[in-house]
Amino acid sequence: MRLSRYFLPVLKETPADAQIVSHRLMLRAGLIRQHTAGIYNWLPLGYRVLRKIEQIVREEQDRSGAVEILMPTVQSADLWRESGRYEDYGKEMLRIVDRHERDMLYGPTHEEVVTDLFRSIARSYKDLPRNLYQIQWKFRDEVRPRFGVMRGREFLMKDAYSFDLDEAGARRAYNKMFVAYLNTFARLGVKAIPMRAATGPIGGNLSHEFLILAETGESGVFVHKGVLDKTVPADVDFDGDLQPIVDDWTSLYAATDEMHEEGAGAELGDDLVSARGIEVGHIFYFGTKYSKPMGCTVAGPDGAPVDVHMGSYGIGVSRLVGAIIEACHDEAGIVWPEEVAPFKVGLINLKSGAAETDAVCEDLYAKLEKAGVDVLYDDRADERAGAKFATMDLIGLPWQVIVGPKGVAAGVAELKNRATGERVELSFDAILARLAG
RNA sequence: CGGGGCGUAGCUCAGUCUGGUAGAGUGCUUGCUUUGGGAGCAAGAUGCCGGGGGUUCGAAUCCUCUCGCCCCGACCA
1 MRLSRYFLPV
11 LKETPADAQI
21 VSHRLMLRAG
31 LIRQHTAGIY
41 NWLPLGYRVL
51 RKIEQIVREE
61 QDRSGAVEIL
71 MPTVQSADLW
81 RESGRYEDYG
91 KEMLRIVDRH
101 ERDMLYGPTH
111 EEVVTDLFRS
121 IARSYKDLPR
131 NLYQIQWKFR
141 DEVRPRFGVM
151 RGREFLMKDA
161 YSFDLDEAGA
171 RRAYNKMFVA
181 YLNTFARLGV
191 KAIPMRAATG
201 PIGGNLSHEF
211 LILAETGESG
221 VFVHKGVLDK
231 TVPADVDFDG
241 DLQPIVDDWT
251 SLYAATDEMH
261 EEGAGAELGD
271 DLVSARGIEV
281 GHIFYFGTKY
291 SKPMGCTVAG
301 PDGAPVDVHM
311 GSYGIGVSRL
321 VGAIIEACHD
331 EAGIVWPEEV
341 APFKVGLINL
351 KSGAAETDAV
361 CEDLYAKLEK
371 AGVDVLYDDR
381 ADERAGAKFA
391 TMDLIGLPWQ
401 VIVGPKGVAA
411 GVAELKNRAT
421 GERVELSFDA
431 ILARLAG
C-alpha cells in the first residue's frame, strides 16, 4: 500500500478525550475514530489489525475442533424470557421494538440463541460433543464506556459454546478451550495468564479468566512468578488428554484481586508478583443452566432424554487491539507484535521525487509485494524525513526500510527493527532476503 | 445511575468572571527556500462560539431549557 493513496489520519497532538495510552495511540495512529460514546469506526490500519487478530483466533478455534457459525446480532426477546434472563439483564441490554411491536434486542451474548439453535437440531447423544463458535459484534449498553475499544459498548467477540452429555464431557470441552486460548494468546504475541474466576451459582472450578499483564490494566492480579515463565506446548493433540497441560498451568497461584486470598498470597512470600491485568478471555462451564429451562435435551444411550451440559468461552477480539497496545508500546508509539501488525514493513523514501531513491523504493516495494510481504510504502512527496520517521514509529510496524540518497549512492538501505531500535545497513538484496524469508 | 467537568477553526486550546467587529499554536492551500528525526520565510482559506428560547441597543460571554462528550464512583468481555 502506498501511503499517498491510503487513509491514515495520524494526529500529532493527543486527543483530549483519550485517557489511557492505548486509546491515545489508537486515535493518534489512525486506527479508530469515535462515532459516539463507546462506538467506533475502524479505519484501514486498525481494521487490518482487527482482522489479523480475528484470523488467529479463528485458526486456533478451528484447530481445537470448534466449528464456526454466525448468529444474528438482533435477537428475539422471547428466547430471553424462556431462559429467565430478559428481566435480569437490566439496562445493559439494548432493547428494540420492531414495527410489529415485537420486543427485540441487540445481542449482548448468545447463550439463548445458540441453545435454541442446538435444541432444534441435536436429537441424540451421538450429536455430541459439539463446540459452536462465532466471531460477531455485540452490544452492551455500558453505563460508562471508557478506555476506547477496551471498554466500548459495541465490541467484537469470539464466543464459543460447547455441548456435552455430562460434566466429564464438558470438562474435556473446557480443557480444549483452555489450551486453545493458551495457543491463541501466544500467537498474538502477548502473555495472557489464566486465573481462577468466580463460578457463580454453578460452583466447581471450571471458570478461568485470561489476563494480559499491563501497567494500565483494570484489575489487580497476584501471581506466582513461576507462572510468568510457563510456555505453551507445541503441536497439542486436541483429541488426547489435555488435563496435564491445564493442571500444569493452574498449579501455581494466579488470581485477580476479586479472587485473591491474602493468606495464600502471603505463603508465596517472594514468589508472589503483584501486577495489573486486562481481561481478554473468559471460559466458563455452566452445566444445564440454559439447557434445562429451554428444553435442550438429547436422547441418551438408554433412550431417556438428557439435559445437555454447556460451557461458554469468550475472547474480546476488539478489546485485544487495545490490550496488545497497552502491553506493546514505547514513547514513540505502538510496537506491534509481528503476528498482528497491520503491515510487516514500512518502506520510507526519504526523498520522494528524486529519481535515485524513487527507483530503489519502487523496486523494493514491487519485490516485497510479490513475495507476499505486507508493505506500507511512505511515498509522500510533501513530507520531510523527520515527519516520515515519526509517523512510522507511531504506527509501529515491526520493520522499517529506510531509503535515502546517501545510502542509495553506496548501494545500501537501512533496516530498522522497531522494537529494539537496532539499525543495520544492508544491500537491497540482503534486505529483501531478510524480510521475505 | 449518583457526583464533577467540558462543548469556540481539522487538532490542542485562549477568550466567558467584568456583554461591544472571532483569537493563538498546529494542521490545511499557494510560492520560494530546505531535505536523515514531526523544517524556515511569505501570503492565504477555514468558524450557525453544540442547539432552542430569553434578557439587552448589542450575547461566545448573562438567564433558561436541551443535546452531546469526558472524568470519579458503582458495574462490566
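Quick note, the first sequence lines up with residues 1 to 437 if you use this note's numbering. Ideal Cβ placement from N, Cα and C applies to all residues, glycine included.
Between residue 192 and residue 280, the CB-CB gap stays under 9 Å. Beta-bridge partners of residue 74 (DSSP): 106. Inter-residue distance for residue 3 and residue 28 is about 16 Å (C-alpha atoms, whole angstroms). With respect to the C-alpha of residue 166, the residue from 174, 136, 112 having the closest C-alpha is 174. Around the beta carbon of residue 79, 16 or more other beta carbons lie within 10 angstroms, which makes this residue buried. In the assembly as shown, residue 35 is an exposed residue. Its beta-carbon has fewer than 16 other beta-carbons within 10 Å. The residues 307, 308, 309, 310, in chain order, have a CB closer than 8 Å to that of residue 288 in the same chain once the five nearest residues on each side in sequence are set aside. The Cβ atoms of residue 56 and residue 188 lie closer than 9 Å to each other. Annotated as distal: residue 181 and residue 139, with beta-carbon spacing of 9 Å or more.
Around residue 274, the same chain offers 222 as residues with beta carbons nearer than 6 Å, after the five sequence neighbours per side are excluded. Fewer than three beta-carbon pairs drawn from the stretch 49-68 and the stretch 377-391 are found closer than 8 Å, and the two stretches are therefore not classed as touching.
In this structure, the alpha-carbon of residue 317 lies about 19 Å from that of residue 131.
Residue environment analysis places residue 329 among the buried positions, since at least 16 neighbouring C-beta atoms fall within 10 angstroms of its C-beta. Distance from the Cα of residue 428 is smallest, within the candidate group 160, 412, 291, for 412. Residue environment analysis places residue 286 among the buried positions, since at least 16 neighbouring C-beta atoms fall within 10 angstroms of its C-beta.
Under the three-state reduction of DSSP output, residue 332 falls in the coil class, being neither helix nor strand.
Pairing residue 8 with residue 45, the inter-Cα distance amounts to about 7 Å. Residue state for residue 325 is assigned as helix, using DSSP reduced to three classes. The C-alpha of residue 215 is placed about 32 Å away from the C-alpha of residue 435.
Assignment of residue 378 by DSSP, reduced to helix, strand and coil, places it in the strand class. Contact between residue 340 and residue 49 holds: CB atoms are separated by about 6 Å, below the 8 Å threshold. Closest option to residue 84, judged by alpha-carbon separation, among 1, 414, 293: 293.
Per DSSP, residue 162 is not a residue of any alpha helix (DSSP H); the beta strand (DSSP E) it occupies stretches across 154-164. In the DSSP assignment, residue 347 falls within the beta strand (DSSP E) that extends over 345-349. One thing to note: residue 282 has its Cβ within 9 Å of the Cβ of residue 197.
Around residue 24, the same chain offers 14, 18 as residues with beta carbons nearer than 6 Å, after the five sequence neighbours per side are excluded. By a beta-carbon distance limit of 8 Å, residue 351 contacts residue 404. Their separation comes to about 7 Å. With a 10 Å radius around the Cβ and a threshold of 16 neighbouring Cβ atoms, residue 74 comes out exposed.
Judged by DSSP in its simplified three-state form, residue 306 adopts strand. Residue burial annotation: residue 243 is exposed, with fewer than 16 other C-beta atoms found within 10 angstroms of its C-beta. Here residue 77 has 86, 95, 102, 103, 104, 105 as same chain residues with Cβ atoms under 8 Å from its own Cβ, once five neighbours each way along the sequence are excluded.
Going by beta carbons, residue 164 and residue 172 fall inside the 9 Å limit. The DSSP assignment places complete beta strand (DSSP E) segments of no fewer than 3 residues inside the stretch 125-153 at 130-139, in order along the chain.
With a minimum length of 4 residues, the unbroken runs of alpha helix (DSSP H) contained wholly in the stretch 344-428 fall at 355-370, 385-395, 405-410.
Residue state for residue 83 is assigned as helix, using DSSP reduced to three classes.
In this structure, residue 325 sits away from residue 71, with a CB-CB distance that is not shorter than 9 Å.
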